[in-house]
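Participant: What follows is a single structure, and I will ask about it in a moment.
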Amino acid sequence: MQGHCLCGAVRLSFEPKQPELHACHCEMCRRWTGSAFVEIDAKPGSLTYEGPVKSFASSDWAERAWCDTCGSTLWYRLTLPGHDHYSIAAGLVDDAGGLELTKEIYIDVKPAGYSFAGEHELKTKAEVEAMFASFPEGAKE
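Quick note: full-length UniProt numbering has the sequence shown finishing at residue 141, numbered continuously throughout.
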């Protein structure tokens, strides 16, 4: 898949880990994107990019990146040792790559007005954070 930011200064290419979309409703993602963060997980080692990328360590285990020219959301990356996990903003890819939504996380903290159609996996804040807490240093996903 190939994509680019709003101004075109950042261009990227990656292979999806799975042919699916995910949505995160956590407070950080909502503040970062202005809504839910809808993303495509990249296959480890497949992401390449060029352009003015900036990032911010938003938690003990992750950082968020954006285009330094136009501010477009680019990706969420796990920074835990031994991980190569990038969640690419689906809006960077035309028609979100034609993929369907298969999972929503932090479902119990999403605003009441946010609703996605269709049947898919739902995970609560506690379920997601327990998953992160279960990764020993250097463990693989």
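Note that the Cβ used here is the ideal one computed from N, Cα and C, for glycine as well.
Under three-state DSSP, which class holds K43?
Facilitator: Here K43 sits in coil by DSSP.
Participant: Look up K123 in the DSSP assignment and give the residues it is bridged to.
Facilitator: K123 is bridged to I105.
Participant: Would you check if the distance between the CB atom of S58 and the CB atom of M28 is smaller than 9 Å?
Facilitator: Yes, the pair counts as a contact, with Cβ atoms nearer than the cut-off.
Participant: Shortest alpha-carbon distance to E104 belongs to which of C26, H83, M1?
Facilitator: Answer by Cα proximity: C26.
Participant: Closest by CA to T48, which one among D94, P16, V38?
Facilitator: The shortest C-alpha separation from T48 is found at P16.
Participant: Quick one: Cα of L122 to Cα of I107, how far?
Facilitator: L122 and I107: Cα-Cα distance of roughly 6 Å.
Participant: Do M1 and G97 count as a contact pair if the criterion is CB distance below 9 Å?
Facilitator: Yes. Within cutoff.
Participant: Measuring alpha carbon to alpha carbon, tell me which residue in G3, R31, S35, E39 is nearest L99.
Facilitator: Residue E39 is the option with its Cα nearest to L99.
Participant: Between the beta-carbon of D84 and the beta-carbon of P19, is there less than 9 Å?
Facilitator: No, they are not a contact pair.
Participant: So, with DSSP's three-state summary, where would you put W32?
Facilitator: In the structure shown, W32 sits in a helix (DSSP, three-state: H, G or I).
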